[in-house]
Amino acid sequence: MIQKIRLLLPAKTLPSCIVKFTYKDNFIDKTNNSLISEIFYSHILLIYKYFIQLRVFNLKSLFCFSIGPIVQREKYVMLPNLSVYILGNYRPGMADGLAEFNFQNVNALKDSIDFHFVEFDDSVEIGFYDSSTIDQIRIHRFGSKGFLALKLSGEFKRWLSELTVKNSVFHLNHIYNFNNYLVARLLVHYKIPYLITPHDAYVYCKVFRSNRPLVKRLYRDLFVYFIDKYVFDHASYIHALTNQCIPCLRLLTSRPIMAVGNQVKDMHLTLDMNIMEDRICFIGRSDIYQKGIDRVLAGFSLFVKSQNVASSISLTIVGPADPESDQLRQELCRDLELEIGRQVVFAGKVQEVERNRILSISKVYIHLSRFEGFGLSVIQALSAFKPVIVSKQVPTSDVIRDYKAGIVVDSLTEIADAIAFIFALSDQEYLQMARNARRCYEEQFHPDVIRPKLLDLYQRAASVADTK
């Protein structure tokens, strides 16, 4: 049970105060609502020994513990000349999701914030340190070649101890990351505030955990309880990418959470009914289970067989696939009696221009992930005036439903019916849904909307002292 009381003083009162009372009872209960993590089996002994040395290991508390009444006081004031230190590599133009996330955020705010990247380079010897500037961004690079996974370089520790902490905040990303834990302990020691963005918050929820084998659940619980929980519990703020992420995070921590979506660059694709084809498309990695490629194919097959379908309607799947995934999706097509090349096209990895062309000529975008951190390609489709069909596990599905920008589905029948519904729309009805999609993007995910929210998050995180 979580109870909160917030008292907001007038904005003119400096510093403004937020007084929050939090009580949590039976934080992890006997209904298997315990937490999960991703760590290799061989790491368990190392972590066990590490915490034995710190004298904090309590096996009983791993599985059942409670937190008594906690009083947290947070102070928030707007800070001038804010410096943000991002733990990770600065890689502009990279396709990697985290690199794109960091690049877009930095590019949007670098005129308002002094950004730094802290990189650990395993190709350079320990003891190396270099500082350079790229695109107004200061890069701090530390050598970590051959370094043990449970330690940080002495050069980084010395650098951090000499860092000016006033008006500064660190930004950590991801989960299941032991490096985050090591850095967080140092930041706590030096009283440097930090925020963390857990990009796959769904892993903390019961549904994801229930699909894992018992042994994996146990060692993930071990990692999360000692590593991720520490990082979350000492963060100034936790950055949730959507409101749907918050319940999963609340299973792990009572620290302040602020939902700020990914800012998605406008693709500047126009709505042109004259070039549109009877085509459905998916863009992304062909992970058959997680991305729901099997559900897309099965739903499309049911649509083709159960409806009076024009032979011209096709499904195009864009994105890379490893040999095993490619073989599996081709076998699925044969089993479902879908003709590859005519009814289903596997376009593979394509250049941006070709990706945009396929999206422009498609009538609907489909994304049926079973687990999804955010779903960037869904928002890109909205920006291109595309009605979308998404699974309820896509964490922006509630916003899409509210804007009538697409259809949220859960079963194969619902998938087939959703496809049929969109292809049965009149031109006027389709145009309305397409405009709803674009409006959803402009009001919820456009950089002009996200930018001030992200700036506010950084300001809050930098000005809230950790009282734990």
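Residues 89 to 556, numbered by my numbering, are exactly what the sequence shown covers, in order. We put the CB at the ideal spot given by N, CA and C, even for glycine. What you are looking at is a predicted structure, and each value in this text was computed from that prediction instead of being measured.
- If you look at Ser389, you'll find it in the alpha helix (DSSP H) that goes Ile381 to Ser394.
- Under the 8 Å Cβ criterion, the stretch 284-297 does not count as touching the stretch 515-531, having fewer than three qualifying pairs.
- Residue state for Arg489 is assigned as helix, using DSSP reduced to three classes.
- DSSP lists no beta-bridge partner residue for His277.
- With a 10 Å radius around the Cβ and a threshold of 16 neighbouring Cβ atoms, Lys279 comes out exposed.
- Exclusion of the five residues before and after Phe473 leaves Leu357, Thr358, Leu359, Ala522, Arg523, Ala525 and Arg526 as the residues of its chain whose Cβ lies within less than 8 Å of its Cβ.
- Per DSSP, reduced to three states, the secondary structure at Asn261 is strand.
- A direct Cα-to-Cα measurement between Ile428 and Leu390 gives close to 16 Å.
- For Val441, the uninterrupted alpha helix (DSSP H) segment begins and ends at Glu440 to Ile449.
- Taking C-beta atoms as the reference points, Asn255 and Leu170 count as a pair closer than 9 Å.
- Sequence-distant Cβ neighbours of Asp498 in its own chain, meaning closer than 8 Å and more than five residues away, are Ser479 and Lys480.
- Here Glu207 carries a strand assignment [DSSP, helix/strand/coil].
- Per the C-alpha coordinates, the member of Ile467, Glu207 and Ser220 positioned closest to Gly231 is Glu207.
- Counting C-beta pairs closer than 8 Å gives fewer than three between the stretch 439-451 and the stretch 320-337, which falls short of the contact rule.
- Counting along the chain, Asp218 sits inside the beta strand (DSSP E) bounded by residues Tyr217 to Ile222.
- For a cut-off of 8 Å, the C-beta gap from His259 to Arg226 is around 14 Å, too long to register as a contact.
- In the DSSP assignment, Val348 falls outside any beta strand (DSSP E), carrying neither H nor E.
- Here the stretch 186-197 lies against the stretch 537-546, with 3 or more beta-carbon pairs under 8 Å apart.
- In terms of Cβ geometry, His287 and Phe511 do not form a close pair [threshold 9 Å].
- DSSP, read as helix, strand or coil, puts Ile467 in helix.
- Apart from the 5 residues on each side of it in sequence, Ile201 sits with its Cβ closer than 6 Å to the Cβ of Leu170 and Val172 in its chain, given in chain order.
- For Val253, the three-state secondary structure derived from DSSP is coil.
- If you look at Arg226, you'll find it in the beta strand (DSSP E) that goes Ile225 to Gly231.
- Taking the CA atoms as reference points, Val476 sits about 41 Å from His228.
- Boundaries cannot be given for Arg343, as no beta strand (DSSP E) includes it and DSSP labels it neither H nor E.
- Put simply, the stretch 502-511 does not touch the stretch 462-471. Fewer than three CB pairs are less than 8 Å apart.
- Look at Gly436 here: in three-state DSSP terms it is strand.
- Of the residues Gln547, Ala506 and Arg338, the one whose Cα lies closest to the Cα of Ile495 is Ala506.
- Counting along the chain, Ser551 sits inside the alpha helix (DSSP H) bounded by residues Pro535 to Ser551.
- Taking a cut-off of 8 Å for Cβ pairs, the stretch 426-442 and the stretch 396-410 touch, as three or more such pairs fall below it.
- Classified as exposed, Gly234 has fewer than 16 neighbouring CB atoms from the shown chains inside 10 Å of its CB.
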